[in-house]
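Below is one structure, written out as structure tokens, with a few remarks after it.
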Amino acid sequence: MDNNDKIKKSIVESIIVISIMVIYAVYGIHFIPSLMLLIPLPFIILGVRNHIYNNILSIVIASLIIQLLLGSTTGASLVLLFAPLSIAINYCIKYKKNNMETILISTVVFLISFLLIISLGEKVSDFNFTKSLENFLSQSINMQLDIFKELGVSNEELLRIAESLEDQNKTIMVRIPSFLIIISFLITYINIFFASIALRKMGYGYVNVQRFSRFKLPNNIIPGIGIMFLAAYIMKSLEIQYHGALILNITFLAGFIFMVQGLAV
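Quick note on the numbering used here: the sequence shown kicks off at 9 and runs consecutively.
Here it is in structure tokens:
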């Protein structure tokens, strides 16, 4: 295939991907919102089949069109949230990074994008992520208590249930960093998995299929977790603020990591 044919091919594929994304963002997102998690997927495939610049340019154009059509910050949000993840996965696949490097790099990139979206959202509007989550959890408690009242539960029991639910909510709030990391990992893995399968079927044999059964922790994970716990306990001995939250998050993440490894075996 000569250069002209390659250029034509990349332009046609870019237009197709942009069109699909715009149609989904404008119409489909209201009917199948869960597919939003796969927004990076076609851009990753586009970038590997052509060039990473096609990936970047296409997602920017698609976001600008969405911005114009919807007249909101949706387009900019899509760029900030999914473009870095798409580019990171595209880069790792293109340059044949190993499975763990691809997952780690892409997860960190997506997590940073996630935090940037939250930070910018709080600066440009009245949105507050932490307060919104607290309000949601409070409403959840009230709904559950109303159900128990209708079931005829005594006031004494209701008080105990309310205290238990409030303790659970406090734990959830403390574990927000862990939840964000886990969500970033899951979204990243889903996109890597489907991108690798699609590319293999398209004839890109060098792309490794990121099967869950092949998931393996790096050899230095145990020393790494040990160092994090040691740092947390040093912070505790020095009475540094938030050491308790740090220990709780490290424990929760370590449990999640070993659970995933156990399921993968």
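By construction, the Cβ of each residue, glycine as well, lies at the ideal position given by its N, Cα and C atoms.
| task | Report the rounded CA-to-CA distance for Val-20 versus Leu-153, giving the unit in angstroms. | result | Val-20 and Leu-153: Cα-Cα distance of roughly 56 Å.
| The alpha helix (DSSP H) spanning Tyr-103 covers which residue range? | Looking at the DSSP string, Tyr-103 is not in any alpha helix (DSSP H), and its letter there is neither H nor E.
| What do you reckon, are the CB atoms on Pro-77 and Val-117 nearer than 8 Å? | Rather than Pro, the amino acid found at residue 77 in this sequence is Leu. No, Cβ-Cβ distance for Leu-77 and Val-117 is not below 8 Å.
| message | Could you check whether Pro-48 and Asn-199 sit closer than 8 Å to each other, using their CB atoms as the reference points? | response | yes
| said: Please return the same chain residues whose Cβ sits closer than 8 Å to the Cβ of Ile-190, not counting the five positions on each side in sequence. | reply: Leu-261, Phe-264
| Reference Tyr-32, options Tyr-61, Ile-113, Lys-17, Ile-73, closest by Cα | Ranked by Cα distance from Tyr-32, the first of Tyr-61, Ile-113, Lys-17, Ile-73 is Ile-73.
| field | DSSP three-state assignment for Gly-211, whether helix, strand or coil | value | Gly-211: coil per DSSP, three-state reduction.
| query | Are the Cβ atoms of Ile-40 and Ser-85 separated by less than 8 Å? | reply | No, they are not a contact pair.
| request: Within 10 angstroms of the Cβ of Gly-160, are there 16 or more other Cβ atoms? Answer buried if so, exposed if not. | output: exposed
| field | Collapsed DSSP secondary structure at Phe-39 in the structure displayed | value | coil
| Hey, how far is the Cα of Lys-16 from the Cα of Ser-186? | Straight-line Cα distance between these residues: approximately 45 Å.
| Just the Cα atoms here: how many angstroms apart are Val-268 and Asn-12? | 47 Å
| Residue range of the alpha helix (DSSP H) that includes Ser-172 | Counting along the chain, Ser-172 sits inside the alpha helix (DSSP H) bounded by residues 163 to 182.
| task | Could you tell me if Gly-55 is buried or exposed, where buried requires 16 or more neighbouring beta carbons within 10 angstroms of its beta carbon? | result | buried
| field | Reduced DSSP category for Ala-256 - H, G, I as helix; E, B as strand; rest coil | value | Reading the sequence as shown, one finds Leu at residue 256 and not Ala. Here Leu-256 sits in helix by DSSP.
| task | Determine the direct distance from the alpha carbon of Ile-52 to that of Ser-94, and round the result to whole angstroms. | result | 5 Å
| Endpoints, the alpha helix (DSSP H) within which Phe-135 is located | First-last for Phe-135: undefined, no H or E at that position.
| Taking DSSP as the reference, what is the three-state secondary structure of Asn-98? | helix
| Roughly how many angstroms lie between the CA atoms of Ile-28 and Asn-62, to the nearest whole one? | 15 Å
| field | Phe-337 vs Leu-89 beta-carbon contact at 8 Å | value | Only positions 9 to 273 of the chain appear in this structure, which leaves residue 337 out of reach.
| field | Span separating the alpha-carbon of Ile-255 from that of Ile-230 | value | 16 Å
| query | Arg-208: which of Ile-26, Val-182, Arg-57, Ile-24 sits nearest, CA to CA? | reply | Arg-57
| Which of helix, strand or coil DSSP assigns to Ile-47 | coil
| said: Which of the three DSSP states is assigned to Gly-160 in this structure? | reply: Note: Gly-160 maps to coil in three-state DSSP.
| Hey, Ile-26 and Ala-70: beta-carbon distance below 8 Å or not? | In this structure, Ile-26 lies near Ala-70, with their beta-carbon atoms less than 8 Å apart.
| said: With H, G and I counted as helix, E and B as strand and the rest as coil, what does DSSP make of Asn-63? | reply: Looking at Asn-63 - three-state DSSP - the assignment turns out to be helix.
| task | Please work out which residues of its chain come closer than 7 Å, Cβ to Cβ, to Ile-99, disregarding the five sequence neighbours upstream and downstream, and give them in chain order. | result | What sits at residue 99 in the sequence shown is Tyr, not Ile. Within the same chain, Tyr-99 has close Cβ partners Ile-60.
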